[in-house]
Amino acid sequence: MASCQQQQQRPPPPRPRPQQPRRHPSLLLLLIITTRLPLLLRPMLLLLLLRPGPCGSVAETRQCVYYNGSLGWDGEAAVASELCDGERDKRQHCYATWRNSSGTVRLERRGCWLDDFNCYDRTECVETTENPMVFFCCCNGDFCNGNFKYQPSFQLPIEGAALLSPDSKKPPEPSQLGNVLLYTMVPLLGVSLLLLLAFWLYRHHGLPYAHHEDVEAAPASPLLGLKPLQLLELQARGRFGCVYRAQLPGQEVAVKVFPPEHKASWQNEVAMFTAAGMKHENLLQFLAAERRGTGLDFEFWIITLFQHKGSVGDYLKGNVVTWSELCHIAETMARGLSFLHEEGPDLKPAIAHRDFKSKNVLLKSDLTACVADLGLAVKFEPGKPPGDMHGQVGTRRYMAPEVLEGAINFQRDAFLRIDMYAVGLVMWELVSRCTVADGPVGDYRMPFEDEAGQHPSLEDMQEVVVNKKQRPALRDCWRKHPGLSQLCETVEECWDHDAEARLSAGCVVERVCHARRVAEASGVATTTTSTTSSTSSSSSSSAGDATITIMVPSASPPNPELLPGAARESSL
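Just add 201 to the spot in the sequence shown (first one is 1) and you have the numbering used here.
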């Protein structure tokens, strides 16, 4: 009979392996994260990261009680052990399954269980589901499945496996209440942390626009509502949108298109263009603004006159300028900015541009300059605060030293002087492409392109402008021309490191006019190769491909008060 009976064999327990150390969060990374957050957010982030979990300080499971009822083992098999050996980064648990038929507990299986969130922080093997067909529980800790119990929410636990009496009663343990509180509070703290973090990021890195009245998105304006508008060609793409050349019946216009996420920039620019008294020949002419589209598919438009010559920066890339053209562009550009900076009749407020550069100065067909792009502008009205302004805005290459340092005095004059620093750089661009100086005219270069490259970072500009106090080079040959020499001194006084020493826009207008008179009074003959028409009064004769221009002396003597630097002292 013994030969016909199948002998049950108990598998030998596996040999224990060296325990791999568990990975914990890097304290250095945690320190870096917390030190960059405000003090209010740090305790909440630490509590969230250090809560018990896969990487927290919890009981590790190495061995579990093992049993397989399908093998028909006897009762002693219940004390067999199983070594839990899974993936290194996964947690291990113990589990037990059983059935309860008419009050009789019949064990099915016990052993190791792979990483399961439902088993985290459970030191006891407890089934909490009401009236399951097969009871299941899991837990953390060596041999924690030696005892298992059924504990629904409406009754005391029923314990099985013949290790505890089915009639024994035990009150809920404090660890279960702690788990409930933990998993209730941690999500709430997490949501609160995210909300506070989002608010902090918005306040410190959000849209840096000045406070202004909310400009509601209106239906089609009367101008566009009665006339068909056709977008023809993409002209430029910027930080907040793109500009198209468009066609109205009998008129070409420019359409600046803002995506929905840049609504604040659109609102700010519309508020500036529609402020009281905002009409000037050296300011880009505003025609209309509207919201285009319905539902979630919409855009914000600003419609202005189209300027075929493009921006000063783009024009200088492909063209050189004569002395007369240089003076005309510089003078009208300064007049436009002076108009913005000054309070005027009809309650016009003073306005700081805050992103002045050669790309934001457009040229009319006769090379008259007009100031454009008021998306970052801020207005100063008597008796009203300018609002919450982010100081470090604009284009890095044109940022004044105080902006790069983050040491801005949030007063009107401080913002106007920041604009004047950029005016000096734009005038340097104009001078660098003028044909009046001796020697060849160099290729167009952006300000600080030689010193900081084509795509400088904020740190690059801080090093060049703030620490080294460098400025774009003024060539010696420029100073040999009486008019260019005057403009070079004007440029230097505009980009002075001391903000209070910089010229005003109105003073730049007078300086340019004075430089023109100085050149005329000197009777200097200049050879020009530009084919663009000059706007100054002169007599000229054609000589081959070049035009020889003889400047007519001015009848009025120069005003000593407008002379820059040493020239003023010698005149006096």
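Yeah, the Cβ is synthetic: ideal placement off N, Cα and C, and Gly gets one too.
Which class does residue i belong to by DSSP, given the choice of helix, strand or coil?
i      : result
Ser149 : Residue 149 lies beyond the stretch modelled for the chain, which goes from 202 to 773, so this question has no answer here.
His481 : coil
Val594 : coil
Leu538 : helix
Val521 : coil
Asp677 : helix
Thr730 : Residue placement at Thr730 is poorly supported in this model, since its pLDDT is 43, which falls under 50; the coordinates still yield a value, given next. Coil at Thr730, not helix or strand.
Gln448 : strand
Glu453 : strand
Tyr268 : strand
Pro420 : Here Pro420 scores only 45 on pLDDT, less than 50, and its place in the model is too uncertain to base an answer on.
Ile552 : strand
Ser302 : strand
Glu544 : coil
Gly494 : strand
Arg613 : helix
Pro586 : coil
Leu408 : Any reading at Leu408 is ruled out, since the residue's pLDDT is 41, under 50, leaving its predicted position unreliable.
What residue range does the beta strand (DSSP E) around residue i cover?
i      : result
Ala722 : Careful: Ala722 lies outside any beta strand (DSSP E), inside the alpha helix (DSSP H) at Ala706 to Ser723.
Lys580 : Val579 to Phe581
Ala437 : Gln431 to Arg438
Thr282 : Strictly speaking, residue 282 in this sequence is Ser, with Thr absent from that position. Start and end: Ala281 to Leu284.
Glu328 : Cys326 to Glu328
Tyr351 : Phe349 to Tyr351
Since residue i and residue j should fall inside the 8 Å C-beta cutoff, what is the C-beta to C-beta distance between them, to a whole number of angstroms?
i      : j      : result
Lys518 : Tyr599 : Contact doesn't hold; Cβ gap of about 17 Å is too wide.
Cys571 : Lys580 : Going by Cβ atoms, the distance from Cys571 to Lys580 rounds to 19 Å, so no, they are not a contact pair.
Trp467 : Phe501 : 4 Å
Leu631 : Val719 : At roughly 17 Å, the Cβ-Cβ gap does not stay under 8 Å, so Leu631 and Val719 are not in contact.
Arg311 : Ala297 : 5 Å
Val624 : Ala535 : 7 Å
Leu575 : Ile530 : No, Leu575 and Ile530 are not in contact; Cβ-Cβ is about 20 Å, not under 8 Å.
When DSSP builds the beta bridges, which residues end up paired with residue i?
i      : result
His294 : Trp314
Val458 : Cys443 and Trp502
Gln486 : Gln486 is not bridged to any residue.
Glu690 : Bridge partners of Glu690: none, in fact.
Ala570 : Leu564
Ser393 : Per DSSP, none; premise fails for Ser393.
Leu308 : Trp299
Ser559 : Ser559 is not bridged to any residue.
Would residue i count as contacting chain B if we go by Cβ distances under 9 Å?
i      : result
Ser271 : In summary, chain B is missing from the structure at hand, where a single protein chain is found.
Mind checking which residues open and close the alpha helix (DSSP H) that includes residue i?
i      : result
Val335 : Counting along the chain, Val335 falls outside any alpha helix (DSSP H), and DSSP gives it neither H nor E.
Lys464 : Lys464 to Phe474
Pro602 : Pro602 to Glu606
Is any heavy atom of the ligand ZN found at a distance shorter than 8 Å from the C-beta of residue i?
i      : result
Cys326 : The model depicted lacks the ligand ZN and carries no ligand whatsoever.
- Message: Suppose only complete runs of 4+ residues qualify. What are the alpha helix (DSSP H) ranges in the stretch 621 to 673, listed by chain order?
- Response: 650 to 653 and 659 to 662
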